[in-house]
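With our numbering as the guide, the letters of the sequence shown map in order to residues 186 to 512.
What follows is a set of notes on a single structure, which appears directly below.
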Amino acid sequence: MFAMQLSRPHAPLEGVELPDPHPGPGQIRVKVGACGVCRTDLHVVDGDLTHPALPIIPGHEIVGRIDELGDGVTDLTIGQRVGIPWLGHTCGHCVYCNEGKENLCDHPLFTGYTRNGGYATMAVADARYAFPLGEEGDDVSLAPLLCAGLIGWRSLSHVGNGRKIGLYGFGAAAHIIAQVLRWQGREVYAFTTPGDTEKQAFARSLGAVWAGGSDETPPDLLDGAIIFASVGALVPAALKVIRKGCRVVCAGIHMSEIPAFSYDTLWEEREIVSIANLTRQDGLDFLSLAPKMGITTTTRPYPLRKANDALDDLRHGRFDGAAVLVP
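Spelled out as structure tokens, the structure:
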């Protein structure tokens, strides 16, 4: 198979020919149809997430069709289209798994970080963590749902039921969750890099009632905010624009240092919550609802061999929506 592989942090991915992998017990192999390019992939490549299983094939927004089944896999079939997300395996017996919090498992494996991912023509996955996708929609449009959509969905479940919700960083995740919020009848307030009028226009095209820079104050206090950008300084900024008793949700797996802020910014029962990974139930819930919500993903396809270009364009915000690699 062909893959784009990372040999060390801060280095470009290298195109390599590798032996075709085969699934072990409880695993499946898929022929990759598309793989989204996530900001977490950037954190792996740029060394923000330490101790990847090098050399590693990044990518955890995988859409593909099963072409080989490992022993013991009975609920999936050859030819079936599935999605493979970031959380690729859990131990099933630690305190968190036993409490139904598998997203916090003490012994997890992560697709594209501690096990090979989807920047390749083939990928092997734990069958338990492969989501059936059905036949509606094309591979490229579905790929961003496997992380941007799922993490956004989990973040939304933690932000509360308020009407006015702020989204900081209007990239792949926010452009999906903005559509979910509108489907739910809520109002979207979009915060972008200061001066990024193109992203603000994109947010308004998806139904945002207000869009401005992250240094601006919206016209009303908000009922909650989700931070998708990896900028720690946005935490106190978001706290200042939410009402008493509301919550700021940090959705990223990595964030720059959060600066000190005065206690009165947090006071009056405002809360800060982080989101870690996802559960299989998150995936089942969101992916079953996505077609009903009419979500349309905005994508920029790249050939698999152009993975470095896609990562660099993501790093510099050169496109709206999500980048997707196509073998």
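Virtual Cβ for every residue (Gly too), placed ideally from N, Cα, C.
Item                                                                                                                                                                                : Value
By how many angstroms is the C-alpha of VAL434 removed from the C-alpha of LYS286?                                                                                                  : 18 Å
Kindly list the residues whose CB is nearer than 8 Å to the CB of ILE361, restricted to its own chain and excluding five residues on each side of it in sequence; keep chain order. : PRO329, LEU330, ALA333, GLY334, GLY337, ILE480 and THR482
Leaving out the 5 sequence neighbours to the left and right, which residues in its chain are closer than 7 Å to ARG500 when beta-carbon positions are compared?                     : LEU227
For the structure I just gave you, are there three or more beta carbon pairs, one from the segment 239 to 253 and one from the segment 446 to 456, closer than 8 Å?                 : no
Within its chain, find whatever has a CB closer than 7 Å to the CB of SER517; leave out the 5 residues flanking it on each side and keep chain order.                               : One cannot answer for residue 517 here, as it falls past the ends of the chain, which runs 186 to 512.
Quick check on DSSP: helix, strand or coil for LYS216?                                                                                                                              : strand
State the Cα-Cα distance for the pair GLU320 and GLY437, rounded to the nearest angstrom.                                                                                           : 30 Å
Does the segment 407 to 417 touch the segment 338 to 347, meaning 3 or more C-beta pairs lie closer than 8 Å?                                                                       : yes
How far does the alpha helix (DSSP H) with CYS276 in it reach, from first residue to last?                                                                                          : Here CYS276 belongs to no alpha helix (DSSP H), and DSSP marks it neither H nor E.
What beta strand (DSSP E) runs, 3 residues minimum, are completely inside the segment 383 to 470?                                                                                   : 395 to 398, 409 to 412, 432 to 435 and 456 to 459
Could you have a look at MET478 and say whether DSSP puts it in helix, strand or coil?                                                                                              : helix
Out of ASN288, TYR281 and SER447, point me to the one whose CA is closest to TYR314's CA.                                                                                           : ASN288
Which residues in the same chain have their Cβ closer than 7 Å to the Cβ of ASP467, if we skip the five residues on either side of it in sequence?                                  : LEU335, TRP338 and ARG339
Using 10 angstroms around the beta-carbon of ALA359, count the other beta-carbons present and answer buried if the total reaches 16, otherwise exposed.                             : buried
Who are the Cβ neighbours of CYS290 in its own chain at under 7 Å, not counting the five residues just before and after it?                                                         : THR275, CYS276, CYS279, TYR281 and CYS282
Give the DSSP bridge partners of ILE241, in chain order.                                                                                                                            : LEU191
Do you know offhand how far THR299's Cα is from TRP368's?                                                                                                                           : 36 Å
Which residues bound the beta strand (DSSP E) around LEU352?                                                                                                                        : 349 to 353
From ASN462 to ASP233, what distance separates their C-alpha atoms?                                                                                                                 : 16 Å
VAL229 lies in the beta strand (DSSP E); which residues open and close that run?                                                                                                    : From DSSP, VAL229 is part of no beta strand (DSSP E) but of the alpha helix (DSSP H) over 224 to 230.
Let me know if SER192 comes out buried or exposed under the rule of 16 or more other beta-carbons within 10 Å of its beta-carbon.                                                   : exposed
At the level of alpha carbons, what is the spacing between LEU198 and GLY302?                                                                                                       : 13 Å
What is the rounded straight-line gap between the Cα of PHE413 and the Cα of ILE350?                                                                                                : 13 Å
Quick check: what's the CA-CA separation for LEU469 versus LEU327?                                                                                                                  : 14 Å
Mapping the DSSP letters down to three states, classify ARG266 as helix, strand or coil.                                                                                            : strand
Comparing C-alpha positions only, which one of PRO512, SER441 and VAL420 sits nearest to LEU451?                                                                                    : VAL420
Nearest to GLU442 by alpha carbon, out of GLY417, ASP497 and ARG503?                                                                                                                : GLY417
For my contact list, VAL426 and VAL222 are in at a C-beta cut-off of 8 Å; report their separation, rounded to the angstrom.                                                         : About 30 Å; that fails the 8 Å criterion.
Can you check which of these residues, THR378, ASP252 and ARG485, is closest to SER415 by C-alpha distance?                                                                         : THR378
Drop a sphere of 10 angstroms on the beta-carbon of THR259, count the other beta-carbons inside from all chains shown, and report buried for 16 or more, exposed for fewer.         : exposed
Considering VAL373, what are the terminal residues of the beta strand (DSSP E) in which it resides?                                                                                 : 372 to 377
From the DSSP output, in three-state form, read off ALA508 for me.                                                                                                                  : strand
Taking the runs of the alpha helix (DSSP H) that are 4 residues or longer, which of them lie wholly in the segment 278 to 349?                                                      : 280 to 283, 324 to 327 and 333 to 344
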